[in-house]
Structures are given as structure tokens and as C-alpha cells.
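Just so it is clear: in the sequence shown, position 175 is 175 by the numbering used here, and no numbers are missing.
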Amino acid sequence: MRGHIRPRGKNNYSIVMDLEPGPNGERRQKWISVAKYLGLPKATKKQAEIVLAEVLQKLRTQDFIQPEKVSLGEYLRYWLENYARQSVRQTTMDNYTSLIDKHIIPELGHIQIAKLSPMHLQEFYNKKLQYGRADGKPGGLAPKTVRELHSLIHKALDQALKWQAVTKNVARAVSPPRKEKKEIKHWTKDEVKEFLNSIENERLFALYHLALNTGMRRGELLGLRWVDMRLNDGYVAVRQNLVKTNSGILMQEPKTSNSRRNISISSNTVAALKAHKKQQLQEKLAHGP
1 MRGHIRPRGK NNYSIVMDLE PGPNGERRQK WISVAKYLGL PKATKKQAEI VLAEVLQKLR
61 TQDFIQPEKV SLGEYLRYWL ENYARQSVRQ TTMDNYTSLI DKHIIPELGH IQIAKLSPMH
121 LQEFYNKKLQ YGRADGKPGG LAPKTVRELH SLIHKALDQA LKWQAVTKNV ARAVSPPRKE
181 KKEIKHWTKD EVKEFLNSIE NERLFALYHL ALNTGMRRGE LLGLRWVDMR LNDGYVAVRQ
241 NLVKTNSGIL MQEPKTSNSR RNISISSNTV AALKAHKKQQ LQEKLAHGP
């Protein structure tokens with residue numbers, strides 16, 4: 001297969017691929033916008049030359065998506081490896097893989113991406129809400145999980161649109177389940193006091209005291225180090241999270257700048273943490289170097 005470069009205005013180029021002739025011998029071509037392929041507002045001729053070489057190499061190794069032939073399942077696996085893996089955290093990657101393997105591919109994976117319709121997606125979401133559990137148990141998926149499925153498909157098709165693998169994102173025409181407003185239930189001060197009194201002699205007393213005092217997320221609590229605890233100044237510094245992935249336990253930096261923060265703690269929590277630190281030092285000395 002051959003290809004060449006064509007200028008498109010002042011700030012972009014297109015790759016023109018010569019495809020196999022049609023059934024009646026007519027000439028067929030595929031045009032690829034270099035700027036859209038790279039996800040940029042404009043492109044240079046040098047970038048066009050690089051993209052042309054890359055596309056030709058992928059065609060030779062059969063690693064290039066041909067929209068008229070590829071199924072949604074094939075595209076999603078391509079998107080996972082060639083886009084998502086470089087763009088999201090490992091925990092998100094694990095969740096994407098699980099949603100695709102357990103839910104999307106079994107139901108929609110066989111449909112050609114070019115023939116995927118809004119009705120396919122709407123019926124898929126409705127079915128999952130009614131009886132979509134992957135573990136074989138009766139009942140459907142939670143609306144939150146169906147919204148996650150919609151978000152994943154929407155993102156993947158948006159990228160397919162940029163890559164010119166589709167002409168439109170059909171997920172934009174589908175409405176996922178609404179987010180339900182739930183009343184947040186919390187303990188009263190007396191209930192918190194009763195709970196802490198009941199576990200005062202437990203090893204993780206300081207951890208629960210800190211959690212109840214600050215409302216920190218589980219991963220933030222488990223990611224804390226003593227260097228992050230400014231006990232004499234009355235605060236803890238959130239600088240990393242502990243996360244569980246398919247590859248094991250990892251420490252990651254907070255996702256956003258707002259998550260990287262200092263949190264004030266009460267004098268009672270400071271006392272509990274100091275007592276826990278003292279206990280750790282005593283245990284370390286007892287066990288020797």
C-alpha cells in the first residue's frame with residue numbers, strides 16, 4: 001500500500017492512503033488529518049512525514065485500525081494499549097480493562113465500530129441495569145457502574161473520532177442513568193465517642209481517630225508516613241496515596257493539586273498518634289536491629 005502527503009490550508013497536512021480498488025475497480029483512498037491524528041490544532045510537513053511513515057509501518061505489521069472492518073471489541077483493545085495506558089493511572093487502567101472484558105465485549109464487542117448506533121448503547125445500558133451482573137447473580141448493575149461504562153465508551157469513541165476511525169461519536173446521543181441524590185448518613189458526636197472508647201486499646205486506635213477527625217480517604221490514610229505528620233504543628237500533610245491494583249500495592253501521588261493538602265488535626269488526635277509512634281519505637285527496640 002502506498003501513501004502521500006497533501007497540504008490542507010496553511011497549518012495542516014493530510015496523509016492520503018491508496019486502498020485496494022472497489023468491487024467495480026474504482027479508485028479508493030483514505031484521508032488522514034495529521035493534526036487530528038496527533039491530537040494537535042495544527043501540524044507541520046515534518047510531522048506529516050513522520051505520521052506517514054508510522055501509518056505505513058503499522059499497515060505492514062497489520063497494527064493499523066481500518067474502520068470499515070474493525071469491531072468495537074478490537075478497537076477498545078487497541079485504544080487501551082495505544083492511548084489509555086499512556087494517559088491514565090494503573091488503577092483506572094485496571095477498571096477500564098475489567099469493564100471492557102466483563103461487560104462491553106460480551107454484549108457489543110462483535111459490532112463493527114462504524115455500524116455502532118445510539119440504539120445499541122441505549123439497549124446495552126438498559127439491559128445492564130436490569131440483569132447485568134457479571135458474577136451470575138440475579139439483579140442488574142448499579143446506576144453508577146452503568147455511568148462508568150458510558151463514560152468509558154464516550155472517551156474511547158471521542159478518541160476514535162480524532163483518529164478518524166469514525167465520523168461521529170454515537171455515545172453523545174445516549175443518556176446514561178441519572179445520578180441519584182442520596183442522603184448522607186453520619187455518626188453523631190456521641191456515637192463517635194462511644195466507638196473510640198470501645199477500641200481504645202486496639203492497635204489501630206490512632207488510625208481510626210485520625211480518620212474520624214479528618215474525613216481523609218482510605219488510600220490517603222494508608223499512604224501516610226511519619227514524615228508527613230507534623231504533630232507539633234497540629235497537622236498532617238497528604239503527599240501520597242496507597243492504591244491496590246491488579247499488579248499489587250502501589251504508592252501514587254495525589255491526582256490533583258487540591259488533593260495534595262495539609263489537614264489540621266485535634267489535640268486528642270495528636271496525642272493518639274504520638275502514643276502510637278511511641279509504641280512502634282518500643283516494639284522496634286524490643287526486636288533489635
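All C-beta atoms in this analysis are idealised placements derived from N, C-alpha and C, irrespective of residue type, glycine included.
Here the structure is a predicted model, which is why all the values come from computation and not from measurement.
Reduced DSSP secondary structure (H/G/I, E/B, other) of residue i
{"i": "Lys244", "result": "strand"}
{"i": "Ala114", "result": "helix"}
{"i": "Leu250", "result": "strand"}
{"i": "Ala160", "result": "helix"}
{"i": "Ser175", "result": "coil"}
{"i": "Ile153", "result": "helix"}
{"i": "Glu148", "result": "helix"}
{"i": "Leu40", "result": "coil"}
{"i": "Lys58", "result": "helix"}
{"i": "Pro143", "result": "helix"}
{"i": "Lys181", "result": "coil"}
{"i": "Lys45", "result": "helix"}
Counterpart residues of residue i in DSSP-defined beta bridges
{"i": "Ile32", "result": "Ile15"}
{"i": "Arg230", "result": "Tyr235"}
{"i": "Ile50", "result": "In the DSSP output, where bridge partners are listed per residue, Ile50 has none listed."}
{"i": "Ser71", "result": "Gln112"}
Opening and closing residue of the beta strand (DSSP E) in which residue i lies
{"i": "Arg2", "result": "2-7"}
{"i": "Tyr208", "result": "It is not in any beta strand (DSSP E) - Tyr208 instead sits in the alpha helix (DSSP H) that spans 205-214."}
{"i": "Ile263", "result": "262-264"}
With 16 other Cβ atoms within 10 Å as the buried cut-off, status of residue i
{"i": "Ser264", "result": "exposed"}
{"i": "Val51", "result": "buried"}
{"i": "Val227", "result": "exposed"}
{"i": "His209", "result": "buried"}
{"i": "Lys128", "result": "buried"}
{"i": "Glu220", "result": "buried"}
{"i": "Gly73", "result": "buried"}
{"i": "Pro176", "result": "buried"}
{"i": "Thr269", "result": "buried"}
{"i": "Met216", "result": "buried"}
{"i": "Tyr131", "result": "exposed"}
{"i": "His150", "result": "buried"}
{"i": "Ala53", "result": "exposed"}
{"i": "Ser33", "result": "buried"}
{"i": "Met119", "result": "exposed"}
{"i": "Ala275", "result": "exposed"}
{"i": "Ala271", "result": "exposed"}
{"i": "His287", "result": "exposed"}
Extent of the continuous alpha helix (DSSP H) run through residue i
{"i": "Tyr235", "result": "Counting along the chain, Tyr235 falls outside any alpha helix (DSSP H), though it belongs to the beta strand (DSSP E) covering 235-237."}
{"i": "Ser198", "result": "189-198"}
{"i": "Glu202", "result": "Note, Glu202: premise wrong, no alpha helix (DSSP H); not H, not E."}
{"i": "Thr167", "result": "No alpha helix (DSSP H) contains Thr167, which DSSP labels as neither H nor E."}
{"i": "Thr269", "result": "267-287"}
{"i": "Gly219", "result": "218-222"}
Any chain C beta carbon closer than 8 Å to residue i
{"i": "Arg217", "result": "Chain labels in this structure do not include chain C; a single protein chain is all it has."}
Residue i: CB within 7 Å of a non-hydrogen atom of the ligand SAM
{"i": "Gln240", "result": "Because no ligand of any kind appears in the structure shown, any question about the ligand SAM cannot be addressed here."}
May I have a chain-ordered list of the beta strand (DSSP E) segments no shorter than 3 residues that lie completely inside the segment 76-136?
none
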